[in-house]
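Taking it in order: structure first as structure tokens, then the write-up.
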Amino acid sequence: MTFIDEWRSNLGDSYNEFAQLATSTKEEIHFTYGILSTAILWPIRQSVQNYDGDAIDAIRDIVQGQAKYILKAIQSWEDNPPLEAARSLAAKAQDSSELGIALFTIIEYFHAMQPFAEALGKILIRREQKQSDLYQFSGQIKAALVSAGGVTNIQSLVINLGLTENKQLPKDEPPAPGDPPFKGLQFFDEKDANTFFGRETLITELIQHLHIHRFLAVVGPSGSGKSSVVRAGLIPVLKGSKELWDGARPPKDSNRWLVQVITPTAQPLEALAASLTREVESVTAMDRLIKDLTESSRSLHLYTYKMLQQADRSSNNHLFLFVDQFEEVFTLCRDDQVQRAFVENLMTAAQPDGVTTVVISLRADFYAYCAKFDSLRRALERQQKFVGSMNIEELRQAIELPAKQAGWEFEDGLVNQLLREVGYEPGALPLLSHALLATWKRRRGRKMTFAGYNESGRIAEAVAKTAETIFSQEFDSKQQAIARNIFLRLTELGEGTPDTRRRVNRKELTPQPEDAEVMDRVLQVLADARLITTAAETVEVAHEVLIREWPTLRKWLNESREGLLIHRSLTESADTWDKNGRDPSYLYQGSRLAKLIIWAKDWPDDLNVLEQQFLHTSQRLAQQEAIQRDIRTIMDTVPNLDQLLLQTINTFCQHFSLYYAAIFLLETSTDHKKWAVLKSGYGEAGRLMVENNYKLSVDHHSMIGACLQTNQPSLIQDVRKEITWFNNPFLPEVQSAIALPFKKGSILGILILQNSNPATFSEEDIPWLHKIAEQLASVIHTAQLREK
Numbered sequence: 059m060t061f062i063d064e065w066r067s068n069l070g071d072s073y074n075e076f077a078q079l080a081t082s083t084k085e086e087i088h089f090t091y092g093i094l095s096t097a098i099l100w101p102i103r104q105s106v107q108n109y110d111g112d113a114i115d116a117i118r119d120i121v122q123g124q125a126k127y128i129l130k131a132i133q134s135w136e137d138n139p140p141l142e143a144a145r146s147l148a149a150k151a152q153d154s155s156e157l158g159i160a161l162f163t164i165i166e167y168f169h170a171m172q173p174f175a176e177a178l179g180k181i182l183i184r185r186e187q188k189q190s191d192l193y194q195f196s197g198q199i200k201a202a203l204v205s206a207g208g209v210t211n212i213q214s215l216v217i218n219l220g221l222t223e224n225k226q227l228p229k230d231e232p233p234a235p236g237d238p239p240f241k242g243l244q245f246f247d248e249k250d251a252n253t254f255f256g257r258e259t260l261i262t263e264l265i266q267h268l269h270i271h272r273f274l275a276v277v278g279p280s281g282s283g284k285s286s287v288v289r290a291g292l293i294p295v296l297k298g299s300k301e302l303w304d305g306a307r308p309p310k311d312s313n314r315w316l317v318q319v320i321t322p323t324a325q326p327l328e329a330l331a332a333s334l335t336r337e338v339e340s341v342t343a344m345d346r347l348i349k350d351l352t353e354s355s356r357s358l359h360l361y362t363y364k365m366l367q368q369a370d371r372s373s374n375n376h377l378f379l380f381v382d383q384f385e386e387v388f389t390l391c392r393d394d395q396v397q398r399a400f401v402e403n404l405m406t407a408a409q410p411d412g413v414t415t416v417v418i419s420l421r422a423d424f425y426a427y428c429a430k431f432d433s434l435r436r437a438l439e440r441q442q443k444f445v446g447s448m449n450i451e452e453l454r455q456a457i458e459l460p461a462k463q464a465g466w467e468f469e470d471g472l473v474n475q476l477l478r479e480v481g482y483e484p485g486a487l488p489l490l491s492h493a494l495l496a497t498w499k500r501r502r503g504r505k506m507t508f509a510g511y512n513e514s515g516r517i518a519e520a521v522a523k524t525a526e527t528i529f530s531q532e533f534d535s536k537q538q539a540i541a542r543n544i545f546l547r548l549t550e551l552g553e554g555t556p557d558t559r560r561r562v563n564r565k566e567l568t569p570q571p572e573d574a575e576v577m578d579r580v581l582q583v584l585a586d587a588r589l590i591t592t593a594a595e596t597v598e599v600a601h602e603v604l605i606r607e608w609p610t611l612r613k614w615l616n617e618s619r620e621g622l623l624i625h626r627s628l629t630e631s632a633d634t635w636d637k638n639g640r641d642p643s644y645l646y647q648g649s650r651l652a653k654l655i656i657w658a659k660d661w662p663d664d665l666n667v668l669e670q671q672f673l674h675t676s677q678r679l680a681q682q683e684a685i686q687r688d689i690r691t692i693m694d695t696v697p698n699l700d701q702l703l704l705q706t707i708n709t710f711c712q713h714f715s716l717y718y719a720a721i722f723l724l725e726t727s728t729d730h731k732k733w734a735v736l737k738s739g740y741g742e743a744g745r746l747m748v749e750n751n752y753k754l755s756v757d758h759h760s761m762i763g764a765c766l767q768t769n770q771p772s773l774i775q776d777v778r779k780e781i782t783w784f785n786n787p788f789l790p791e792v793q794s795a796i797a798l799p800f801k802k803g804s805i806l807g808i809l810i811l812q813n814s815n816p817a818t819f820s821e822e823d824i825p826w827l828h829k830i831a832e833q834l835a836s837v838i839h840t841a842q843l844r845e846k
């Protein structure tokens, strides 16, 4: 079916009615032309834009019979230079298709310059006897035009035609106060059971399955409503708070079942143990259960059995465990052993003679991933329900009943239009829900209208329009950068599978502590728009459809995919490093570190504090190892002590881009006074000071003297804040410094490193630098013995 056929079909009988009006008398043509030209705007627009010759020919039957009257109307318009070309083209039109192009040009002009209805009002004769005809067909015409994508505000046209005295015409009203009846992109939860409609048949099938089996996989495409049907449908029925429409009954005593709902996260065993031990007073119970689950596939069964045995006889007698978004076992958890322990514990607990019922929701495109677990694969062969598309009546209930229950209304024809557009694609449900929410936000009084639906972007574009509007209009440049980082972090990059949503801790989202307030504002705006969902500690995208349907986010994901994979690996590695006491063995080295450094230079603001610390520590470790290798080579190959010290100093400065480095040795003068004598210094300043026999008194008046006096390392992050800092005229730009004492036999000295930036060094640098200083002491001691 061509778009012309579809348009004519949607227009239906009302087209023929108006065509008859158009050909009845010459006097009435101006009036009916306005309606007809509105109706043909969309196909003409498409035909001209697409250069569709067949479509242009198809327009002929639309304007056939009234072309000369329309031409007369055009020619009678008041002079207007921008329309001269269109008028000329219309006058020379050989057939109705050429006339159609002229009409398109004219209509487009008026549509761009001012509201289309107002433009038509200037040229239409106001004929009172046609009011009833116009109003009678306006609803049907409007629905057809919405489907076709054309002009829809026929009520505005009526007003501009001077028909406002008609008592039946609706008045514009401000939005009535109240809570939205629709969830948008968010899933329905147990608290939403009373507003969850359309899945009664499926819920009954799930209940019937649980009469027989202890395991159930609810499988379906993304956006099919898997989570909602279990959370807001199945669970309330089991608890006895929701009745089934056909009188079916849940399993016996299901109202006494202990219901637990989890998502696997990156640590599924931890998520499971945390849920089961939430009410346990022992602080070690969770850790013990995680250990048990790791070691034995019977641990969940045994723990649940014991837990239920200890419960009051009148309370829980069975565990109902719902693992939502089961695909996270594959997308977020990287440990094969943890995956296997989690799956095998679930399947063992769900055996027929057990005390646990396990239900999982699984995205259909991850179905094959389950095959590597034999027990799960066998269960899926027999114990699953596929969530398909709703039929037309189920969709109608899902649209109309939540609104009706709360006293909201739809403009005539709007629900039918929604049903036509949503089709039978199960993944379109969140798009429909979001379009409904966006239309409700643009309501007139208590009524949802065609105008509001159009303004929302309709089903196809409502999600993208909401996200783009929030991003471009609600946020300044800094907030946009934070929002971009948030959405990228909330997306799990697929490898051979579609990208999915990723639940993250709030701490991960904060670039720097000083940005926390701005980030909270961004999160609040996104949550209010129902683009994300937030919990006490976590954040996630409200639905994966946002990842799929928002072009800006798709562009971000696709334009730097390799970099995003590097960043995601950094996030996980930094978290592992932190959880393991910041053990250096978890840090990056070699090519992996080199790639990260290159990426971080381009996206420095995307790193949070932990990631920056991980990168900085990895770089430091690499520098330490490199300088230690170089210094060992110098010590092994340079026999001359002065050259050895100078090359050591130069190596430090080159590796760390330091402003200055030097080596002092303790010497005693003839009057028994102790001095720190400079033996080697970096650059021209160092050379001059060595030539001038530069030395400092060993006392508390200088950092070097005090360090030799106490034989303890010393660190200064900002010399301007140190009262005792000695300002060396040879080194005017020093802002931070670290001094490391060393001793071997009679050798006592100082290795000092200085930089022109504050806070260059840290306490973590002291141990490894101190080892190098001690190596220097050994080399100097050996060299002096050799000279003697």
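Counting from 1, position 578 in the sequence shown corresponds to residue 636 in the working numbering; the numbering is continuous, with no gaps. Cβ coordinates follow ideal geometry from the N, Cα and C atoms, glycine included. Quantities reported herein were computed from a predicted structural model and do not represent experimental measurements.
Boundaries (first-last residue) of the beta strand (DSSP E) holding residue i
{"i": "Val-442", "result": "Reading off the sequence, residue 442 comes out as Gln, not Val. Element bounds for Gln-442: 442-444."}
{"i": "Leu-589", "result": "Element bounds for Leu-589: n/a, residue is neither H nor E."}
{"i": "Gly-278", "result": "273-278"}
{"i": "Thr-726", "result": "718-726"}
{"i": "Thr-414", "result": "414-421"}
{"i": "Glu-805", "result": "The question names Glu, but residue 805 is Ile in the sequence shown. Run containing Ile-805: 805-813, per the beta strand (DSSP E) assignment."}
{"i": "Glu-598", "result": "596-599"}
{"i": "Val-381", "result": "377-381"}
Cβ neighbours of residue i in the same chain (closer than 8 Å, five flanking residues each side left out)
{"i": "Thr-726", "result": "Lys-732 and Trp-733"}
{"i": "His-713", "result": "Gln-681, Ala-684, Ile-685 and Asp-688"}
{"i": "Gly-621", "result": "Trp-657, Asp-660 and Trp-661"}
Where residue i sits in the DSSP three-state scheme
{"i": "Glu-791", "result": "coil"}
{"i": "Gly-739", "result": "strand"}
{"i": "Ile-270", "result": "coil"}
{"i": "Thr-321", "result": "coil"}
{"i": "Asn-563", "result": "strand"}
{"i": "Thr-555", "result": "coil"}
{"i": "Glu-469", "result": "coil"}
{"i": "Phe-800", "result": "strand"}
{"i": "Trp-783", "result": "coil"}
{"i": "Leu-773", "result": "strand"}
{"i": "Ala-734", "result": "strand"}
{"i": "Gly-485", "result": "helix"}
{"i": "Arg-436", "result": "helix"}
{"i": "Pro-233", "result": "strand"}
{"i": "Ser-755", "result": "strand"}
{"i": "Arg-547", "result": "helix"}
Residue i to residue j span [Cα, whole Å]
{"i": "Thr-264", "j": "Lys-505", "result": "According to the sequence displayed, residue 264 carries Leu and not Thr. Distance between the alpha carbons of Leu-264 and Lys-505 is about 36 Å."}
{"i": "Pro-642", "j": "Leu-699", "result": "34 Å"}
{"i": "Ser-836", "j": "Leu-358", "result": "60 Å"}
{"i": "Asp-573", "j": "Asp-663", "result": "11 Å"}
{"i": "Thr-253", "j": "Asn-638", "result": "46 Å"}
{"i": "Ala-520", "j": "Lys-613", "result": "18 Å"}
{"i": "Ser-514", "j": "Gly-465", "result": "21 Å"}
{"i": "Pro-787", "j": "Ala-324", "result": "57 Å"}
{"i": "Phe-240", "j": "Lys-565", "result": "31 Å"}
{"i": "Leu-487", "j": "Val-480", "result": "8 Å"}
{"i": "Leu-665", "j": "Ile-655", "result": "12 Å"}
{"i": "Leu-589", "j": "Thr-259", "result": "30 Å"}
{"i": "Leu-396", "j": "Ile-293", "result": "Looking at the sequence itself, residue 396 is Val, so the reference to Leu does not match. Spanning the two alpha carbons is a distance of roughly 28 Å."}
{"i": "Thr-362", "j": "Val-413", "result": "7 Å"}
{"i": "Glu-467", "j": "Glu-458", "result": "8 Å"}
Contacts around residue i, its chain only, beta-carbon distance under 6 Å, and the 5 residues preceding and following it disregarded
{"i": "Ala-437", "result": "Phe-273"}
{"i": "Met-448", "result": "Gly-256"}
{"i": "Val-667", "result": "none"}
Range of the contiguous alpha helix (DSSP H) that encloses residue i
{"i": "Leu-704", "result": "699-714"}
{"i": "Phe-400", "result": "394-407"}
7 Å CB neighbourhood of residue i in its chain, flanking five on each side removed
{"i": "Met-747", "result": "Leu-736, Gly-739 and Phe-788"}
Checklist entry - Can you find at least 3 beta carbon pairs, one from the stretch 714-721 and one from the stretch 811-831, that sit closer than 8 Å? => result Because the criterion of three Cβ pairs below 8 Å is met, the stretch 714-721 and the stretch 811-831 touch.
Checklist entry - With a cut-off of 8 Å, do at least 3 Cβ pairs link the stretch 539-550 to the stretch 576-596? => result Contact between the stretch 539-550 and the stretch 576-596 is present, because at least three Cβ pairs lie under 8 Å.
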